Each structure stands twice: as structure tokens, then as C-alpha cells.
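Structure first, commentary second.
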Amino acid sequence: GINAEYMGDIWTAIAYAWQPAELELMHRPPRHPKKEGMVSRDVLVYAYGYIGVLQSIACWAVFFGVMPRMLALYTEDKRPADYTPEEFRADQAGMTAYYWTLALGQVGAALATTTTRESLTRYGVPNRALNVCIALEILFALFVIFAGPLQRAFKMQPLGLGQLWAGTLGFFLITVSEELRKRHARQGNFSSVTISASAVKRAGTWQVGALAV
105 GINAEYMGDI
115 WTAIAYAWQP
125 AELELMHRPP
135 RHPKKEGMVS
145 RDVLVYAYGY
155 IGVLQSIACW
165 AVFFGVMPRM
175 LALYTEDKRP
185 ADYTPEEFRA
195 DQAGMTAYYW
205 TLALGQVGAA
215 LATTTTRESL
225 TRYGVPNRAL
235 NVCIALEILF
245 ALFVIFAGPL
255 QRAFKMQPLG
265 LGQLWAGTLG
275 FFLITVSEEL
285 RKRHARQGNF
295 SSVTISASAV
305 KRAGTWQVGA
315 LAV
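The opening position of the sequence shown corresponds to residue 105 in this note's numbering, with each subsequent residue numbered one higher.
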């Protein structure tokens with residue numbers, strides 16, 4: 105699943121090169137090239153201590169809370185070598201749901217990090233290259249889940265409609281959390297937020313692939 109995720113994410117990350125600027129961009133001081141690196145503490149906190157945590161919560165919630173048998177297999181502490189054929193398929197289905205939730209969470213992160221303070225309801229989705237890459241990433245994920253050769257290559261199992269809908273948890277959790285953070289920032293309380301505006305923008309160019317680990 106992780107290999108499939110990397111294959112879908114790389115083009116989304118590259119598409120940030122065509123990202124239009126926010127309306128308030130010229131009102132913020134530029135990054136100091138010597139005092140503030142491209143990968144700073146703020147970027148790492150944002151990517152791994154915030155967005156990454158939200159994605160993990162969504163993925164594990166779907167893995168254990170939605171997929172049949174996953175919680176039981178975990179509590180029984182059975183080794184994969186001891187699985188019955190039914191348990192083996194259930195384990196693959198759980199991994200598939202985890203991958204699907206992760207992929208949609210990455211889509212949410214990709215869209216959320218296109219702005220630092222401006223709401224997406226106002227900014228929109230003007231980057232056509234990013235939009236195309238996101239659509240292709242979702243289509244690729246569906247092919248991996250449902251297309252026979254890819255399904256077997258990545259050891260996936262088909263998901264039901266309800267399970268596919270449950271996988272959108274990562275997307276909505278990240279989108280809503282980021283909209284609340286940006287609203288907080290616009291209200292003049294940004295000093296109390298751990299991450300800086302520049303960190304959000306820089307994290308958006310690379311965290312899509314990095315969070316898959």
C-alpha cells in the first residue's frame with residue numbers, strides 16, 4: 105500500500121510548482137534564507153506532529169473501527185502465518201482500507217496546504233495541474249483496489265461502498281482542522297499557533313509524499 109501511495113503522491117507534490125499565490129502573500133515578510141531553512145522545526149512539527157497525527161488517527165480509526173475482524177485479529181495476537189484464508193483476506197481488506205484512507209487524507213493535506221491563512225472557500229482550487237494530479241491519484245487508488253492485476257500486485261481486496269465512504273474520514277478531518285486553524289490565524293491569534301505561515305507553505309511542497317512513511 106505504501107508503494108502505491110508513493111507512486112500516486114509524487115506528481116501531486118510536483119504540481120505545487122504551479123500554485124498561484126495567496127491574496128495576502130505580499131503582506132508577509134519573506135523567509136530569511138540563512139536564519140530559516142527550507143526544512144525547519146516548524147515544517148517538521150506541522151507535517152509530522154499535526155497533519156501526520158490527524159492522518160494516523162483517521163487511518164487507524166477506519167482500520168480498527170470499520171473493517172471486520174481487524175480488532176479481533178489484533179487482540180488475538182495471531183501471526184500472519186497462522187491466519188486462515190478468511191482471516192488473510194480480512195487482513196488484506198484492512199490494509200486496503202488503511203491505504204484508501206491514507207490516500208484521501210493526502211488529498212486533503214494537498215488542498216489544505218495550498219494556503220496558509222486564506223480559507224479554501226475563498227481561495228478555491230485554481231491550480232489546474234494540482235487538480236489533475238489529485239484526480240489521477242484518486243483514480244489510481246481505485247484501480248489499485250479494484251483492478252485485478254494491480255489488486256494482486258499490491259495485495260489489495262475490494263472494498264464495499266460503505267467502507268469507501270468511511271475512508272473519506274482522513275480528507276474531512278484534515279480539511280476541517282485546517283479551516284479552523286486558518287480561521288484562528290485570520291482572527292489575529294496566529295501568535296499562539298505553533299507553526300508559522302511560511303512553514304505551512306513549504307511543508308505543502310513535500311509533506312504529501314513524506315507523510316506516507
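In this text, a Cβ means the ideal position worked out from N, Cα and C, and glycines have one as well.
What you are looking at is a predicted structure, and each value in this text was computed from that prediction instead of being measured.
Local conformation of LYS138 per DSSP, three classes: coil
Check whether the Cβ atoms of LEU206 and CYS163 sit closer than 8 angstroms, and answer yes or no. yes
With distances taken between CB atoms, is the gap from ALA197 to LEU263 smaller than 8 angstroms? yes
Looking at the secondary structure, which residues open and close the alpha helix (DSSP H) in which MET199 lies? 189-216
Ends of the alpha helix (DSSP H) at THR225? 224-227
Over what stretch of residues does the alpha helix (DSSP H) that includes ASP146 continue unbroken? 145-150
Does DSSP put THR221 in a helix, a strand or coil? A small fix is needed here, since residue 221 is Arg in this sequence, not Thr. Here ARG221 sits in coil by DSSP.
CA-to-CA distance, PRO134 to THR217, given in whole angstroms: 18 angstroms
Would you kindly check if the distance between the Cβ of GLU241 and the Cβ of THR116 is under 8 angstroms? yes
Collapsed DSSP secondary structure at ASP186 in the structure displayed: helix
If you run the structure through DSSP and keep just helix, strand and coil, what is ARG173? coil
Cα-Cα separation, ILE161 to ILE155: 10 angstroms
Sub-8 angstroms separation of LYS286 and THR219 beta-carbons: yes
Quick one: residues in its chain with C-beta nearer than 6 angstroms to the C-beta of SER296, no 5 flanking neighbours on either side, listed in chain order? Its pLDDT being 39, under 50, SER296 is placed unreliably in this model, and the value from its coordinates should be taken loosely. Taken in chain order, the list of residues that qualify is empty.
Reference LEU277; option with closest CA among GLY292, ASP186 and GLN210: GLN210
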